[in-house]
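Following: one structure in C-alpha cells, then a few remarks.
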Amino acid sequence: QLSLLLREFQRHHLSPSRLVELAARATAPQLRNKLHDLALLLRAYADWLKSHDLRDANDMLDAATEALGAGSRVESRGSRAEPSSILHSPSSLRFAALWLDGFAEMTPQELELLAAVLPSCERATLAFCLESEPQSDPPWLSPWSVVGQTFRRCYARLSVIPECEIEVEELPREPGRGRFVANQVLQSLEANWATVGTRSTASQASLPRKDGDAVERIPTESPTALRLVTCTDPEAEAVFAAREIRQFVRTGGRYRDCAVIVRDLEPYHATLGRVFRRYEIPFFMDRREPVAHHPLAELTRFAFRTVAFGWRHDDWFGALKSGLAPAREDEIDALENDALARGWEGKVWRGPLSSRTASTNIERFEQLRRRLVPPFEQLAAALAANAETEAPTGKQVATAVREFWDALKVESTLEKWSAAASDQSSIVNRQSSIHSTVLDQMHDWLANLALAFPTDALRLGEWLPILEAGLANLTVGVIPPALDQVLIGAVDRSRNPDLKLALVLGLNEGVFPAPPAPGV
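Be aware that the sequence shown starts at 1, since it is given in my numbering, and climbs by one per residue.
Here it is, written out as C-alpha cells:
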C-alpha cells in the first residue's frame, strides 16, 4: 500500500515539500498528520536513493524527459513542475510523426514526457474518444468526464510549447460509418450508451429460457446480436461461456474470434482456466503471472530458511520438493517418510546418517544425503565466510544465491522444462512455459538486492523479510503461445481485436463497474 502511494506521488510530481505545503493547509488534524508522515517517508526514501546513487523505476519517465533535453525542474528530482518551469531546448532526436491513442487519463509525469517529445516531431496526432464538445465540461458522472479533463489538461500544457500550433478536429458521428454499422442492435446500444432511460431495441421483448444454472433472455428482434444471461455463480458463468464458445466453433467459427471479458481477472482466472481445460478450449489468460511460488522462488526461499533456522524439517524438504534438487521425486518422498519415522532433523543432515539396526535403506539414504547436502552447505559457508558476526551484506547474499543455483545446475534444469513444455498443447498450465522469463526476473531481483544493500550487513533472519518482499512482487508477462485461442482478460488491460463473439462476465452491481479500491 505504501509503495503504491509513493508511486502515485512520483507520477503526479508531488515532492516532500509540496506535501508539507498541503499538510499546512489541511483543516482536518488526521489529514494534516498523515500528509506530514508521508512527506517524511518520501523525503527519507529520496535521500536513501541519492545516497546510493540510484533512481526509482517509477522515476524513469522523468529521467527520459531530462535525457531529451526538454528542461530542468525548479525543485529537486521528483518535484512538482509547472509549465512555466520547463525550458525547451532542441533535441538531437527527430520524428516524422507521432500518434497517440487510447489514453483516457494521463498523469503529469506522462504529460511532461509527451511535451518533451513533441518539439522533436514534425507533426503529431493525439486522438481522444469524446462524445461532447471538446472544450465543454461534461457532468462528473458522465462516462466522458475523465477523458474530457485529460483533453483539456493536455491542450493547456501543449499550448505553451513554443512554435507549437494546435488544431482541434472533430469527427462527427455519421450514420453510414462506425464500428457497428452492420448491426442495428449494437449500433443503437453504442449510440445511446450514456443516455439515461434509453431502451435498446434488443431489450424491448425477451423470453426466458432455462439452461442448467443459466436463465437467458433472448431478444426477439435480433437473437444473435445481444443476449443477457443470469447465472448463479462464477462457475456457472464459466460453464455457459465454454458452451457458447464450443457451439460457435462447431458452426464454423474460430477460437481467435472469441473473447471473455471481465472487470477484474483475479476472482475469475482459476475458475475459467479449470472449466476451459475441461472443455478442451485453447485460451490465453492475459494477466501477469506471479512467480512467488515458482519452483526457483520456492527453492531460494526454503534454502535460505534452511540455513538460517538450523535445517528444520519443513524448510529442508520444502527446498528438496521444489523439483530443482538432484534427486527424483520418489527418492525425496521415501527420504522424508524415513526422516519422520526416525526423527531426523537439524544437525543430523550435516553428518552421516546412522541407525541402531543395519539397513539397506540407511545406506541408500546416506548416499542420497551426500548428493543433496553439499550445495546447501556451500550456501551456508558463503553466507558466513566474510562476516564474523554472521551478518552478510546484500552483495554477499546475491553472490551466495547465484553460486547455490550454479551448484544445483538450475539454469539447465529450467531449460529442459521449457523445451518439454514447448512440445505440449497450449491448454496445459502456462506455469511450465515461463521458466526462462522467471530466471531472468530472479537474476534482476538479485542484482537489485546487491545494488540496494551493497554494504548493509544484516543477520540471516533479518534478511528473510526483505527477500520475501522481493519475491512477492515478482510477476512476469507471457506472450500468447498460439494464434487460434480464446482471449481472456480484464476490460482495462486487454486489447481485443475484431471479435465475432464477446462474452462479458460479472455484470453485477459492485463488480462491473467496480468501486474504487481502498487506499491507505
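Note that CB positions come from ideal geometry on N, CA and C, so glycine has one too.
Please read these numbers as outputs of a predicted model, since none were measured by experiment.
If I follow the unbroken alpha helix (DSSP H) through residue i, where does it start and stop?
i       : result
Phe-309 : No alpha helix (DSSP H) holds Phe-309; DSSP gives it neither H nor E.
Ala-28  : Premise fails: Ala-28 is in no alpha helix (DSSP H) and is neither H nor E.
Cys-154 : 145-158
Leu-61  : 60-67
Asn-192 : No alpha helix (DSSP H) holds Asn-192; DSSP gives it neither H nor E.
His-443 : 435-452
Ala-325 : Per DSSP, Ala-325 belongs to no alpha helix (DSSP H) and is neither H nor E.
Ala-270 : 269-278
In three-state terms, what does DSSP make of residue i?
i       : result
Glu-534 : No answer is possible for residue 534: the residues shown for the chain start at 1 and end at 520.
Lys-251 : With the sequence shown as reference, residue 251 is identified as Thr, and Lys is not the correct amino acid for it. Three-state DSSP puts Thr-251 in coil, outside helix and strand.
Cys-164 : coil
Asp-286 : strand
Ala-81  : Because the pLDDT of Ala-81 is 40, which lies under 50, any placement of that residue in the model is unreliable, and the number read from its coordinates should be weighed accordingly. It is coil, neither helix nor strand.
Val-476 : strand
Phe-9   : helix
Val-401 : helix
Trp-463 : helix
Ser-494 : coil
Trp-48  : helix
Pro-175 : coil
Leu-383 : helix
Gln-204 : Bear in mind that the predicted position of Gln-204 carries a pLDDT of just 38, short of 50, making it too unreliable to give a figure here.
His-294 : coil
Asp-315 : helix
Trp-344 : coil
Phe-304 : helix
Ser-76  : Residue confidence is low: Ser-76 scores 35 on pLDDT, short of 50, so the model does not pin down where it sits. No coordinate-derived value is stated.
Lys-416 : helix
Glu-244 : helix
Ala-236 : helix
Leu-507 : coil
Phe-512 : coil
Pro-352 : coil
Phe-180 : coil
Asp-137 : coil
Ile-281 : coil
Gln-367 : helix
Leu-54  : coil
Arg-169 : The sequence shown places Glu at residue 169, rather than the Arg named in the question. The answer is coil: DSSP assigns Glu-169 none of H, G, I, E or B.
On the DSSP bridge list, what partners appear for residue i?
i       : result
Leu-557 : In the structure as shown, the chain begins at 1 and stops at 520. Residue 557 is therefore absent and cannot be evaluated.
Ala-457 : Thr-393
Phe-95  : Cys-121
List the endpoints of the continuous beta strand (DSSP E) containing residue i.
i       : result
Val-262 : 258-262
Ile-598 : Any answer about residue 598 is impossible in this case: the structure gives the chain only from 1 up to 520.
Val-504 : 501-504
Leu-228 : 228-231
Cβ-heavy atom distance between residue i and the ligand NAP below 7 angstroms?
i       : result
Arg-342 : With respect to the ligand NAP, the structure offers nothing, as it holds no ligand at all.
Which whole-angstrom value is the C-beta distance of residue i and residue j, which I expect to be below 8 angstroms?
i       : j       : result
Leu-35  : Leu-19  : 5 angstroms
Val-410 : Leu-471 : Val-410 to Leu-471, Cβ: 15 angstroms. No contact.
Phe-180 : Thr-150 : So it is not a contact: roughly 25 angstroms between Cβ atoms.
Trp-140 : Glu-131 : About 15 angstroms; that fails the 8 angstroms criterion.
Ala-400 : Leu-372 : Contact flag wrong, Cβ pair sits at about 18 angstroms.
Thr-475 : Val-185 : At roughly 39 angstroms, the Cβ-Cβ gap does not stay under 8 angstroms, so Thr-475 and Val-185 are not in contact.
Leu-14  : Ala-241 : Between Ala-241 and Leu-14 the Cβ distance is about 43 angstroms, and since that is not below 8 angstroms, they are no contact.
Ala-146 : Ile-281 : The sequence shown places Val at residue 146, rather than the Ala named in the question. That pair is no contact at about 35 angstroms.
Ala-319 : Leu-299 : 6 angstroms
Cys-154 : Leu-111 : 6 angstroms
Cys-258 : Leu-501 : 5 angstroms
(message) For the region 456-476 against the region 485-498, do three or more pairs of beta-carbon atoms, one drawn from each stretch, fall closer than 8 angstroms, so that the two count as touching?
(response) no
(message) Taking contact to mean 3 or more Cβ pairs, one atom from each stretch, closer than 8 angstroms, check whether the region 503-515 and the region 279-297 are in contact.
(response) no
(request) State whether the region 433-441 contacts the region 405-419, with contact taken as three or more CB pairs (one from each stretch) at a distance under 8 angstroms. (result) yes
(request) Determine contact between the region 503-512 and the region 255-270, defined as no fewer than three beta-carbon pairs at a distance below 8 angstroms. (result) yes
(message) Measuring CB atoms only, is the region 298-312 touching the region 375-383, in the sense that at least three cross pairs come out at less than 8 angstroms?
(response) yes
(message) So, does the region 467-476 touch the region 225-239, judging by three or more C-beta pairs under 8 angstroms?
(response) no
(message) Counting beta carbon pairs with one atom in the region 113-124 and one in the region 147-165, are three or more of them shorter than 8 angstroms?
(response) yes
(request) Check whether the region 398-410 touches the region 437-447, counting contact only when three or more Cβ pairs, one atom from each stretch, lie closer than 8 angstroms. (result) yes
(message) Does the structure place the region 250-259 close enough to the region 443-453 that three or more beta carbon pairs sit under 8 angstroms?
(response) no
(request) Taking 8 angstroms as the threshold, find out whether the region 94-106 comes into contact with the region 41-58 through three or more Cβ pairs. (result) no
(message) I want to know whether the region 361-373 touches the region 269-284 - three or more CB-CB distances under 8 angstroms.
(response) no
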